[in-house]
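K.L.:
One structure coming up, written as structure tokens, with questions to follow.
In UniProt numbering, the protein residues as written are 1 to 292.
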């Protein structure tokens with residue numbers, strides 16, 4: 001059985017309520033994961049709008065609309081209709097004039113739907129009532145709770161206008177990663193105003209021997225030997241052998257190194273060392289992390 005965001009939220013409800021009390025919060029923010037986005041949420045107005053539930057949304061085009069929960073709003077930004085991943089006539093019924101969101105006429109024609117980002121801000125007492133009393137068996141906010149809650153609660157929409165991508169499918173994950181290699185990427189790791197916080201791994205710089213690298217990102221600790229890397233993202237500790245050609249590929253990397261002696265021994269035993277072996281051509285692939 002598929003379990004959405006409501007299930008883990010209910011499981012940790014006591015902790016959530018304790019944090020809300022300790023820090024004098026009257027609202028809780030919930031985010032389901034499976035996305036990458038850049039935002040401080042400083043412009044998200046929840047209390048000031050008088051909302052009991054606020055849903056972060058953004059305009060989307062026809063191609064992607066049926067992948068999301070779609071909403072309709074009134075002129076005050078209040079939710080009046082919600083449909084989870086509609087198709088066919090149900091999708092057409094969610095078509096709206098997105099110039100109301102500040103889009104130009106041309107942009108509105110390209111993006112005539114308002115999609116939920118799966119990010120909610122909910123008043124504490126409302127959250128408690130929804131999960132414990134009204135929907136004690138519900139597992140998903142988008143499919144089950146929000147559509148019904150909109151009939152009784154004040155549900156408003158916050159229109160998000162920064163970078164956001166759903167990476168819940170293989171294709172979208174690949175495309176979002178490869179987009180990082182663009183000359184002017186929509187999401188940048190090289191911005192002092194938006195630092196990236198991650199674990200220190202104390203790895204050496206990558207070693208690139210007689211190789212051709214174009215429009216790519218090479219992580220720390222890699223060894224590239226007489227290979228060609230084009231429009232790709234190469235993860236930590238990746239070992240790429242001679243005469244290898246990678247294009248439009250995301251390679252996760254490895255958890256540890258294998259010394260040259262170890263690699264030679266594995267090859268002599270007919271086993272496969274970590275990395276990409278010589279004379280290999282790979283196109284449009286996601287190469288999972290190599291654990292050994």
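The beta carbon of each residue, even a glycine, is placed where N, CA and C say it ideally should be.
I'd like the list of long-range same chain contacts for residue 262, defined as Cβ closer than 8 Å, with 5 residues on each side in sequence excluded.
P.N.:
Taken in chain order, the residues that qualify are 273.
K.L.:
Taking only runs of the alpha helix (DSSP H) that begin and end inside the region 171-226, which ones reach a length of at least 4 residues, in chain order?
P.N.:
You should have found no qualifying run.
K.L.:
What residue range is occupied by the uninterrupted alpha helix (DSSP H) comprising residue 263?
P.N.:
260-268 is the extent of the alpha helix (DSSP H) around residue 263.
K.L.:
Between residue 234 and residue 216, how many whole angstroms is the CB-CB distance? I'm expecting something under 8 Å.
P.N.:
Yes, they are in contact, since the Cβ atoms of residue 234 and residue 216 sit about 7 Å apart, within 8 Å.
K.L.:
For residue 59 versus residue 146, is the C-beta spacing smaller than 8 Å?
P.N.:
Against a cut-off of 8 Å, the Cβ pair of residue 146 and residue 59 comes out as no contact.
K.L.:
Under the three-state reduction of DSSP, which class applies to residue 149: helix, strand or coil?
P.N.:
Three-state result, residue 149: helix.
K.L.:
Taking all protein chains shown into account, do 16 or more other C-beta atoms lie within 10 angstroms of the C-beta of residue 246, making it buried, or fewer, making it exposed?
P.N.:
Counting Cβ neighbours within 10 Å, residue 246 comes out buried, since at least 16 surround it.
K.L.:
Rounded to whole angstroms, what's the CA-CA distance from residue 252 to residue 202? Just pull it up for me.
P.N.:
When rounded, the distance between both Cα atoms is 18 Å.
K.L.:
Quick one: what does DSSP say residue 84 is sitting in, helix, strand or coil?
P.N.:
DSSP places residue 84 in strand when its eight states are reduced to three.
K.L.:
So residue 187 and residue 196 are in contact, right, with Cβ under 8 Å, and what is the actual spacing, rounded?
P.N.:
Actually they are not in contact, since the Cβ atoms of residue 187 and residue 196 sit about 10 Å apart, beyond 8 Å.
K.L.:
So, at 8 Å on beta carbons, what are the nonlocal neighbours of residue 90 in its own chain, with the 5 sequence-adjacent residues on each side left out?
P.N.:
If we look at residue 90 and ignore the five residues flanking it on each side, its Cβ neighbours are 83.
K.L.:
Around the C-beta of residue 205, are 16 or more other C-beta atoms found within 10 angstroms, so that it is buried, or is it exposed?
P.N.:
When all chains shown are included, residue 205 counts as exposed.
K.L.:
So, at 6 Å on beta carbons, what are the nonlocal neighbours of residue 282 in its own chain, with the 5 sequence-adjacent residues on each side left out?
P.N.:
So the qualifying residues of the chain are 246, 249.
K.L.:
Alpha carbon to alpha carbon, how far is residue 54 from residue 149? Give it in angstroms, no decimals.
P.N.:
Looking at the two C-alpha atoms, the distance is approximately 12 Å.
K.L.:
Are the CB atoms of residue 72 and residue 94 within a distance shorter than 8 Å?
P.N.:
Yes, these two residues count as a Cβ contact at 8 Å.
K.L.:
I'd like the list of long-range same chain contacts for residue 81, defined as Cβ closer than 6 Å, with 5 residues on each side in sequence excluded.
P.N.:
72.
K.L.:
Within 7 Å: the Cβ of residue 80 and any heavy atom of the ligand NAP?
P.N.:
In the structure shown, the ligand NAP is absent, as is every other ligand, since no ligand is present at all.
K.L.:
Which runs of the beta strand (DSSP E) spanning at least 3 residues fall entirely within the region 100-162, listed in chain order?
P.N.:
If we require 3 residues or more, the beta strand (DSSP E) runs fully inside the region 100-162 come out as 113-123, 155-159.
K.L.:
Just the C-alpha distance for residue 301 and residue 170, rounded to the nearest angstrom, thanks.
P.N.:
As displayed, the chain neither begins before 1 nor continues past 292, which places residue 301 out of reach and without an answer.
K.L.:
Comparing alpha-carbon positions, which option in 271, 255, 279 lies nearest residue 290?
P.N.:
For residue 290, the nearest C-alpha among the options comes from 255.
K.L.:
Under 8 Å, do residue 142 and residue 118 count as touching if we go by C-beta distance?
P.N.:
Yes.
K.L.:
Hey, how far is the Cα of residue 184 from the Cα of residue 198?
P.N.:
Distance between the alpha carbons of residue 184 and residue 198 is about 23 Å.
K.L.:
Would you list the residues sitting across from residue 94 in a DSSP beta bridge?
P.N.:
Paired residues: none, contrary to the question.
K.L.:
Would residue 279 be called buried (16 or more neighbouring beta carbons within 10 Å of its own) or exposed?
P.N.:
Per the 10 Å Cβ criterion, exposed.
K.L.:
According to DSSP, is residue 51 helix, strand or coil?
P.N.:
Residue 51 falls in the coil class under three-state DSSP.
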